[in-house]
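Data first, discussion second: the structure below is written as C-alpha cells.
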Ligand SMILES: Cc1cc2nc3c(=O)[nH]c(=O)nc-3n(C[C@H](O)[C@H](O)[C@H](O)COP(=O)(O)OP(=O)(O)OC[C@H]3O[C@@H](n4cnc5c(N)ncnc54)[C@H](O)[C@@H]3O)c2cc1C
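In my numbering, the protein residues as written are 371 to 838.
What follows is the structure, encoded as C-alpha cells:
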C-alpha cells in the first residue's frame, strides 16, 4: 500500500509537481496519438505527482523513499514513447529525468551521458569530434538517451548498424535499484539488454555509454518510382549495397506520402516514394542505383536543408506516421518485420493483399544480422477486429508482427525475455514498484486491455548466440 506522505517526507527538498493538470498531461505518452486502443484503455490511468531529481543523489533518495513508502515510480525522459510505456497503471510518482542531462565524457569513439541528455544535444556536443551516435529515433530533438534505451529499439542509422539490441550498440548502463538502500551498479556486455526495452521496469538508468560512428556529411534524397515493388526492390538493393554508407531508407506507397503536407510537391501522383540519407561520398553510387531501377530523384539536399522544412529523418520511422496523422488522424499501422531470405516476396504478398486498405510504409533496417523491412499498411482505424485482420494477413504473408496496442513488455513481443530477466527485475525492484503492471508476473495487477486479444506473433531472434 503506497504511503504518499511518507514518500514526500523522505525525499526532502527534491522538487515536486502536484498540479493536477500537469500530472495528468505527463501521465500520457505518444500512444495516445498512435493507438486508439491504448488511448481508450488508458482513460483512467494517471500518476499522483511528479518528482524532478536535480542530480544523482536525488535519484538515490527517490529510489530509497519509494522502497520505504511502497510508492510506484514511472521513469520519464521526454515522454515521446509509444506502446503505453509512459502511462502509469498504478498511480505513484513520475520521475522526470530531464535535469540529469550532462554529456559526461567522450573518448575512443565512445560517449557517456546522463540518462536525461537529449539525443540531439549529445550529437551537437560530439560535432567537433567528427563522430556521432550510431543511430537515433526520429524523436531525436526531444528524446533522451535513457528513454531511448528504456523504450526505443532502432531508428535512423539502423539500416547500417542494426537495432539497439544488437550486440555492441549499447556499451554500458549505470543503474540504481529501488530498495531501502539503493545499489548503484554498472551493466556491460550482453547484460545491457536486461534493461533495454524494459519500459523502465527494472531499475533507474542514470548513465548510458554508447559507441559512435563517423559523422559523415549526410545527403538527403527523395526518389520516386512508378510502382511500389520497384521502389521496394530499389530499397532492398540499397540496403544490400555494402559500399554505400547510409542512414535512412524509408518507403511509402501512394498515397501515404501525399498525406505529408510538406512532402506532397516532391512526389508523383500514384507513384511510390523512397526517402534516403546517404553519405556525400556515396551519392554517385546512389544515383547509379536509382538510374538502374528507373527512379526519379526530385530532391537532393544536405541534411536539414531540404525544401520540406525539417530534416528528412523527421519523415521516417515514427515520424512518418506522425506526419501522416497531422492530416489523417484516423490512420494507424502495425509493427511487422519482413525478413530475408523471403523479404521481397513476403512484402509483395502484403502489398497485393492490402491494396485498397492502405499504402505500405516500410523502414529498412538490419535485424539480428539480416536485412529487414519494418512496417505495415497505413490504414484508417475502424475497430480491433479490423486491426486483428490486418495482423493476421501480415503474418500469413510471412511477417513477424509485434503488438503496438498493449501496455505490456512481454505481450508487445519486441523484447526477448527469459528467467534471467525475471530474476534481474526482482533484484533491482524487489517490491514491484517500477512502472508496475508492465513487466512483473506477480505484482498483483491484472493484465487488461483489448490489445491483448490481437493475434500478434511477436519478434523472434533466432537460435544461436544472441545478445540476450
Ligand atoms: C513520432 C514518434 C517517432 C518515434 N520514432 C522512433 C524511432 O525512430 N525509433 C525508436 O526506437 N523509437 C521511436 N519512437 C519511440 C520513442 O520516441 C523513442 O523510444 C524515444 O527515444 C524515447 O525517448 P524519451 O526520452 O521520450 O523516453 P520516454 O518516452 O520518456 O520513456 C520511454 C520508456 O523508457 C522509460 N525510461 C525513461 N527514462 C528512463 C530512465 N532514466 N531509467 C529507466 N527507464 C526510463 C520510461 O519509463 C518509458 O517506459 C518514436 C515515437 C514517436 C511518438
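Just so it is clear, CB atoms sit at the ideal spot from N, CA and C, and this is done for glycine as well.
Checklist entry - Is there contact here, the region 526 to 546 with the region 502 to 510, by at least three beta-carbon pairs under 8 Å? => result Taking one beta carbon from each stretch, the region 526 to 546 and the region 502 to 510 have 3 or more pairs nearer than 8 Å; the two touch.
Next on the checklist: If you reduce the DSSP assignment to three classes, tell me which class residue 785 lands in.
Outcome noted: Here residue 785 refers to the residue found at position 415 of the chain shown. Collapsing the DSSP output to three states places residue 785 in coil.
Next on the checklist: Between which residues of its own chain and residue 681 is the CB-CB distance below 8 Å, once the five residues before and five after are set aside?
Outcome noted: Position 311 of the chain shown holds residue 681. Residues 590, 673 and 674 of the same chain have their beta carbon placed closer than 8 Å to that of residue 681, with the five preceding and five following residues left out of the count.
Next on the checklist: Here's the rule: buried if 16 or more other CB atoms are within 10 angstroms of the residue's CB, otherwise exposed. What is residue 816?
Outcome noted: In the chain shown, counting from the first residue as 1, residue 816 sits at position 446. Burial call: exposed.
Checklist entry - Using the C-alpha atoms, what's the distance from residue 421 back to residue 400? => result Along the chain shown, read from residue 1 onward, the residue named residue 400 stands at position 30. Along the chain shown, read from residue 1 onward, the residue named residue 421 stands at position 51. Near 21 Å, if we compare the C-alpha coordinates of residue 421 and residue 400.
Next on the checklist: Is residue 544 close to ligand 1? I mean its beta-carbon at under 7 Å from any heavy atom of the ligand.
Outcome noted: As a working mapping, residue 544 is identified with position 174 in the chain shown. Result no, Cβ not under 7 Å from ligand 1.
Checklist entry - Any heavy atom of ligand 1 closer than 7 Å to the CB of residue 514? => result For the purposes of this step, residue 514 is taken as residue 144 along the chain shown, with counting starting at 1. When distances are taken from the beta-carbon of residue 514 to the heavy atoms of ligand 1, the shortest one is below 7 Å.
Checklist entry - In or out: residue 386 buried (at least 16 other Cβ within 10 Å) or exposed? => result Taking the first residue of the chain shown as position 1, residue 386 is located at position 16. By the neighbour-count rule (16 or more Cβ atoms within 10 Å), residue 386 is not buried but exposed.
Checklist entry - Short check: CB of residue 518 to CB of residue 809, under 8 Å? => result By 1-based counting over the chain shown, the position of residue 518 is 148. By 1-based counting over the chain shown, the position of residue 809 is 439. Contact flag unset, no.
Next on the checklist: For residue 427, count the other beta carbons within 10 Å of its own beta carbon; 16 or more makes it buried, fewer makes it exposed. Which is it?
Outcome noted: On the chain shown, position 57 is the one that residue 427 refers to. Residue 427 counts as exposed, since fewer than 16 other C-beta atoms from the protein chains shown sit within 10 angstroms of its C-beta.
Checklist entry - Would residue 454 pass as a contact of residue 392 if the rule is Cβ separation under 8 Å? => result Taking the chain shown and counting its residues from 1, the one referred to as residue 454 is at position 84. Taking the chain shown and counting its residues from 1, the one referred to as residue 392 is at position 22. No, they are not a contact pair.
Item to check | Residue range of the unbroken alpha helix (DSSP H) whose run includes residue 404 | outcome: By 1-based counting over the chain shown, the position of residue 404 is 34. Element bounds for residue 404: 401 to 404.
Checklist entry - To the nearest angstrom, how far is it from the Cα of residue 374 to the Cα of residue 382? => result Position 4 of the chain shown holds residue 374. Position 12 of the chain shown holds residue 382. Taking the Cα positions, residue 374 is about 13 Å away from residue 382.
Checklist entry - Tell me which same chain residues have a C-beta within less than 6 Å of the C-beta of residue 500, skipping the five on either side of it? => result Position 130 of the chain shown, counting from 1, holds the residue named residue 500. Closer than 6 Å at the Cβ level, and outside the excluded window around residue 500, lie 585.
Item to check | Whole-angstrom distance between residue 415 and residue 460, CA atom to CA atom | outcome: Here residue 460 corresponds to residue number 90 of the chain shown, with the count starting at 1. Here residue 415 corresponds to residue number 45 of the chain shown, with the count starting at 1. If I take the Cα positions, the gap works out to 7 Å.
Item to check | Option in 396, 531, 480 and 558 with minimal Cα separation from residue 466 | outcome: For this step, residue 466 is matched to residue 96 along the chain shown. Looking at the Cα atoms, 396 is the closest of the given residues.
Next on the checklist: Shorter than 7 Å, the distance from the beta carbon of residue 518 to the closest heavy atom of ligand 1, or not?
Outcome noted: Counted from its first residue, the chain shown places residue 518 at position 148. If you check the C-beta of residue 518 against ligand 1, you find a heavy atom less than 7 Å away.
Next on the checklist: Between residue 456 and residue 470, how many whole angstroms is the CB-CB distance? I'm expecting something under 8 Å.
Outcome noted: By one-based count along the chain shown, residue 456 stands at place 86. By one-based count along the chain shown, residue 470 stands at place 100. With a Cβ gap of about 17 Å, residue 456 and residue 470 do not count as contacting.
Checklist entry - At a cut of 8 Å, does the region 616 to 628 reach the region 563 to 582 through at least three beta carbon pairs? => result Contact between the region 616 to 628 and the region 563 to 582 is absent: fewer than three C-beta pairs spanning the two stretches fall below 8 Å.
Checklist entry - For residue 698, which residues of its own chain have a beta-carbon under 7 Å away from its beta-carbon, when the five flanking residues on both sides are left out? => result For this step, residue 698 is matched to residue 328 along the chain shown. 629.
Checklist entry - How many angstroms separate the CA atom of residue 605 from the CA atom of residue 644? => result In the chain shown, residue 605 corresponds to position 235, counting from 1. In the chain shown, residue 644 corresponds to position 274, counting from 1. Looking at the two C-alpha atoms, the distance is approximately 7 Å.
Next on the checklist: Between which two residues does the alpha helix (DSSP H) holding residue 509 run?
Outcome noted: Along the chain shown, one-based indexing puts residue 509 at 139. Note, residue 509: premise wrong, no alpha helix (DSSP H); not H, not E.
Item to check | Three-way DSSP call (helix, strand, coil) for residue 708 in this model | outcome: The residue given as residue 708 occupies position 338 in the chain shown. Looking at residue 708 - three-state DSSP - the assignment turns out to be strand.
Checklist entry - Would the beta-carbon of residue 595 fall within 8 Å of that of residue 652? => result As a first step, residue 595 is located in the chain shown; it is residue number 225 there, counting from the start. As a first step, residue 652 is located in the chain shown; it is residue number 282 there, counting from the start. 8 Å or more divides the Cβ of residue 595 from the Cβ of residue 652.
Item to check | The alpha helix (DSSP H) enclosing residue 599, as first and last residue numbers | outcome: In the chain shown, the residue the question calls residue 599 occupies position 229. If you look at residue 599, you'll find it in the alpha helix (DSSP H) that goes 598 to 610.
Item to check | Rounded C-alpha distance that separates residue 670 from residue 685 | outcome: Taking the chain shown and counting its residues from 1, one reaches residue 670 at position 300. Taking the chain shown and counting its residues from 1, one reaches residue 685 at position 315. Our two residues, residue 670 and residue 685, have alpha carbons roughly 15 Å apart in a direct line.
Checklist entry - Between residue 480 and residue 541, is the Cβ-Cβ spacing less than 8 Å? => result On the chain shown, residue 480 is found 110 positions in, with the first residue counted as 1. On the chain shown, residue 541 is found 171 positions in, with the first residue counted as 1. Between residue 480 and residue 541, the CB-CB gap stays under 8 Å.
Checklist entry - How about residue 564 and residue 799: are their beta carbons less than 8 Å apart? => result Walking along the chain shown from the start, residue 564 turns up at place 194. Walking along the chain shown from the start, residue 799 turns up at place 429. Here residue 564 is not near residue 799, since their CB atoms are 8 Å or more apart.
Checklist entry - Could you give the distance in angstroms between the alpha-carbon of residue 559 and the alpha-carbon of residue 544? => result Translated into positions along the chain shown, residue 559 becomes position 189. Translated into positions along the chain shown, residue 544 becomes position 174. Residue 559 and residue 544 have their alpha carbons spaced roughly 13 Å apart.
Checklist entry - Which residue from 478, 495 and 551 puts its Cα closest to that of residue 797? => result Locating residue 797 in the chain shown gives position 427, where the first residue counts as 1. Of 478, 495 and 551, the residue nearest in Cα terms is 551.
Checklist entry - What residue does the beta strand (DSSP E) around residue 688 start on, and which one ends it? => result Here residue 688 is taken as the residue at index 318 of the chain shown, counted from 1. Following the DSSP letters along the chain, one finds residue 688 in no beta strand (DSSP E) but inside the alpha helix (DSSP H) bounded by residues 688 to 697.
Next on the checklist: Looking only at its chain, what residues have a beta carbon closer than 7 Å to the beta carbon of residue 600, apart from the 5 residues adjacent to it on each side?
Outcome noted: Counting from one through the chain shown, the residue named residue 600 turns up at place 230. Hits under 7 Å: 663 and 664.
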